[in-house]
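Chemist: Next up is a structure, given as structure tokens.
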Amino acid sequence: MTDNNHHRSTIEVMEAHVSVRRFRDEPIGHDLLETLIEAGTRDSTSSNMQACTVISITVPEHRKRVAELCSDQAQIHASAAFLAFCADMHRLELCAQMHDVTCDELGNTEAFVTALVDTALVMENVAVAAESVGLGICMIGALRNQPFEVGEALGLPRHVVPVAGLCLGWPAEVHEPKPRLPLDAVWHRERYRDDDDLKRSIDAYDGIIAAFYESQGRHVDDPRWSKVMCNLLGKVAQRADTGRFANKQGLNVQRAEG
Ligand SMILES: Cc1cc2nc3c(=O)[nH]c(=O)nc-3n(C[C@H](O)[C@H](O)[C@H](O)COP(=O)(O)O)c2cc1C
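Reminder that position 258 of the sequence shown reads as 391 in the numbering used here, one-by-one numbering, no gaps.
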């Protein structure tokens, strides 16, 4: 653990968050990794269900294969550790087996959402723990690009789906934190805010993020957040296999509940 991080409060660590994509060629000790994952799993968890599994991928050939399935992002290769976070209802299935109970309930949307929320919480907890000791992190949603192949590579049993990866490593780059939406766009009082109010906040953020990229010397064709989000709209729909794989795994997100 790095000494210069010991005095930082949790809030300071969180406020300093940036995604790091370049890492020094230095390992993360096994004990530290264990501490981070253990701390990460101390999060709140729906009904103590603990519906998250973390798979560390360290063997070079294996890492190479998994990285390829995540559009071969360079930061995965460069990271000192790569963790795959999976929504996991398999353990509940085992509980049912142990007590000779049927578990059709695992195939509904609420079970799926519960497992996703649990998994996201553990991943963010591990990320904050890692940042608190000076590690850099980058989450990898591309773990869902080819879920069938990822499921095969990681040997995921029924009722387990990949949610996102997490690159960890000692940072080889320093960035200013990327500004977020003005708080009033996110924090509403008592009732959801008017669209006109929200558009004003978005418009303000468009200016803030454009100035940020300019101050960083980063050229983006049209850096306005609202425009970048428009370009993203189609991309979200591209991961059609997310739902298909969840269905195959028995986490049937499209089944009507009655
Ligand atoms: C669930 C999730 C998936 C992400 N997937 C990727 C990814 O595949 N590749 C990548 O470079 N960054 C990825 N990111 C990082 C985001 O791009 C980044 O958090 C966002 O642009 C804000 O920048 P910042 O984290 O530096 O503040 C992901 C973040 C989240 C939360």
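C-beta atoms are modelled at their ideal positions from N, C-alpha and C, and glycine is treated no differently.
Source: prediction; values computed, not measured.
#1: Could you check if ILE190 belongs to the surroundings of ligand 1, using beta carbon to heavy atom distance under 7 Å?
#2: Looking at the strands, I want to know which residues DSSP matches up with LEU276.
#3: Buried or exposed for GLY340, going by 16 or more other Cβ atoms inside 10 Å?
#4: On the criterion of 16 or more Cβ atoms from any shown chain inside 10 Å, does ALA344 qualify as buried, or is it exposed?
#5: Whole-angstrom Cβ separation of HIS292 and MET222, contact assumed at under 8 Å?
#6: Measuring CA to CA, which of ASP205, GLU201, PHE281 is closest to PRO290?
#7: Provide the residue(s) that pair with PRO295 in DSSP beta bridges, ordered along the chain.
#8: Exposed or buried, MET256, counting other C-beta atoms within 10 Å across all chains shown (16 or more means buried)?
#9: Which stretch, first to last residue, makes up the alpha helix (DSSP H) that contains SER265?
#10: Would you identify the three-state DSSP class for SER179, choosing helix, strand or coil?
#11: Here's the rule I'm using: 16 or more other beta-carbon atoms within 10 Å means buried, otherwise exposed. How should GLY302 be labelled?
#12: Taking the alpha-carbon of VAL234 as reference, which of LEU166, LEU225, ALA297, PHE156 has the nearest alpha-carbon?
#13: Starting from ILE188, trace the beta strand (DSSP E) in both directions and tell me its first and last residue.
#14: In angstroms, rounded to a whole number, what distance separates the CA positions of GLU306 and GLN230?
#15: Going by DSSP, which residues form a beta bridge with PHE156?
#16: Expressed to the nearest angstrom, what Euclidean distance is found between the alpha-carbon atoms of ALA286 and ARG198?
#17: Check the DSSP bridge columns for ILE270 and list the partner residues they point to.
Modeler: Taking the structure as given:
#1: To locate residue 190, count along the sequence shown from 1; it is residue 57. No, the Cβ of ILE190 stays beyond 7 Å of every heavy atom of ligand 1.
#2: In the sequence shown, counting from the first residue as 1, residue 276 sits at position 143. Residue pairing by DSSP places LEU276 in no beta bridge whatsoever.
#3: Locating residue 340 in the sequence shown gives position 207, where the first residue counts as 1. Counting Cβ neighbours within 10 Å, GLY340 comes out exposed, since fewer than 16 surround it.
#4: Here residue 344 refers to the residue found at position 211 when the sequence shown is read from its first residue. The residue in question, ALA344, is exposed, as its Cβ has fewer than 16 Cβ neighbours within 10 Å.
#5: As a first step, residue 292 is located in the sequence shown; it is residue number 159 there, counting from the start. As a first step, residue 222 is located in the sequence shown; it is residue number 89 there, counting from the start. 4 Å between Cβ atoms; contact.
#6: For this step, residue 290 is matched to residue 157 along the sequence shown. Nearest to PRO290 by alpha-carbon distance, out of ASP205, GLU201, PHE281, is PHE281.
#7: Locating residue 295 in the sequence shown gives position 162, where the first residue counts as 1. According to DSSP, which records beta bridges pairwise, PRO295 is partnered with CYS219.
#8: What you label residue 256 is simply residue 123 of the sequence shown in a count that begins at 1. Within a 10 Å sphere around the beta-carbon of MET256 sit 16 or more other beta-carbons, which makes this residue buried.
#9: Residue 265 sits at position 132 when you count from the first residue of the sequence shown. Counting along the chain, the alpha helix (DSSP H) containing SER265 begins and ends at 242 to 265.
#10: As a position in the sequence shown, residue 179 is number 46, starting the count at 1. Three-state result, SER179: helix.
#11: Within the sequence shown, the letter at position 169 stands for residue 302. GLY302 is buried by the Cβ-count criterion.
#12: Here residue 234 refers to the residue found at position 101 when the sequence shown is read from its first residue. Residue LEU225 is the option with its Cα nearest to VAL234.
#13: Residue numbering aside, residue 188 sits at position 55 when the sequence shown is read from its first letter. Under the DSSP assignment, ILE188 falls in the beta strand (DSSP E) whose first and last residues are 185 to 189.
#14: Against the sequence shown, residue 306 aligns to sequence position 173. Against the sequence shown, residue 230 aligns to sequence position 97. Computed Cα separation, rounded: 49 Å.
#15: Sequence index remark: in the sequence shown, residue 156 carries index 23 (1-based). Answer is PRO304.
#16: For the purposes of this step, residue 286 is taken as the residue at position 153 of the sequence shown. For the purposes of this step, residue 198 is taken as the residue at position 65 of the sequence shown. The straight-line gap from Cα to Cα measures roughly 8 Å.
#17: Here residue 270 refers to the residue found at position 137 of the sequence shown. SER152, LEU301.
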